[in-house]
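**Student:** Just dropping this structure here.
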């Protein structure tokens, strides 16, 4: 039923108080493609006296809107479909707007993933397997501008060889992130054993164009052969269980 004109012009005192209370609550934005998860997290935040909403298909363009009315914190779902590079770019953009970001990930114990998220500007990282109480605690800390002690990427009791391996993985991961979308396609072709001529025929482009793109791939990955490029890609995938 619609409200009468008088009711619209003169809201009740209770309604006004509720609006004022909502306006005073810290705002939190959840950027997560999994709608059920996003709705559940918003429900938990609302119960904790936050004004929460979510965007299921976030892009970097949303940062323009956030600059006009910045929330207290932004939660970014890192496990959404698509390359990790897209979420890292989103985190960088939100962080560049001066808004604390929280990475929601299923790989909280992965030192490579944690370093990449921290380097992109994530204030905190919370795992999907952690409790809702911990999630709310992290949001509260981020919203207050609190940052973790240290760099937030402690490898625990990992020995020197494990730390060196983690660092090497991180470096290789970052090299893969340098590739443009078309260069990633070329690398995928190569990983499936296709030759330059076969790639050119499949994609209907000149073989010389593919050769140039393949050389760019080698240069950005800092390797000297296509075999080495494919080996690097497979090592990162098998070691981290994730797509760069």
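Numbering (the numbering used here), first residue to last: 18 to 261. Glycine included, each C-beta is placed from N, C-alpha and C at the ideal position.
#1: Would DSSP call residue 144 helix, strand or coil?
#2: Is residue 4 helix, strand or coil by DSSP?
#3: Counting only the same chain and skipping the five closest in sequence on each side, list residues whose C-beta sits under 6 angstroms from that of residue 43.
#4: Over what stretch of residues does the beta strand (DSSP E) that includes residue 90 continue unbroken?
#5: Around the C-beta of residue 60, are 16 or more other C-beta atoms found within 10 angstroms, so that it is buried, or is it exposed?
#6: What does the Cβ neighbour count give for residue 80, buried or exposed, with the cut at 16 atoms within 10 Å?
#7: Is the beta carbon of residue 134 sitting closer than 9 angstroms to the one on residue 107?
#8: Mapping DSSP to helix, strand and coil, what is residue 155?
#9: For the stretch 200–258, list the alpha helix (DSSP H) runs that are entirely contained and at least 4 residues long, ordered along the chain.
#10: With distances taken from CA atoms, which of 86, 142, 117 is nearest residue 129?
#11: My output table needs one value for residue 171: the three-state DSSP class, helix, strand or coil.
#12: Is the shortest distance between the beta-carbon of residue 193 and the beta-carbons of chain D less than 9 angstroms?
#13: Taking residue 46 and residue 70 to be in contact with their CB atoms under 8 angstroms, please state how far apart those CB atoms are, rounded to whole angstroms.
#14: Can you check whether the CB of residue 186 is closer than 9 angstroms to the CB of residue 253?
#15: What span of residues does the alpha helix (DSSP H) with residue 101 cover, start to end?
**Tutor:** Walking through what the data contain:
#1: Of the three classes helix, strand and coil, the one that applies to residue 144 here is strand, per DSSP.
#2: With the chain running from 18 to 261 in the structure shown, residue 4 is simply not present.
#3: 67, 89, 160
#4: 90–94
#5: Exposure of residue 60 is indicated by the presence of fewer than 16 other C-beta atoms within 10 angstroms of its C-beta.
#6: Burial is judged here by how many other beta carbons sit within 10 angstroms of a residue's own beta carbon; residue 80 has at least 16 and is buried.
#7: no
#8: helix
#9: 213–220, 224–238, 243–257
#10: 142
#11: Note that residue 171 has pLDDT 43, beneath the 50 cutoff, so the model's placement of it is unreliable and no number is given.
#12: The structure shown contains no chain D, having only a single protein chain.
#13: 6 angstroms
#14: yes
#15: 101–113
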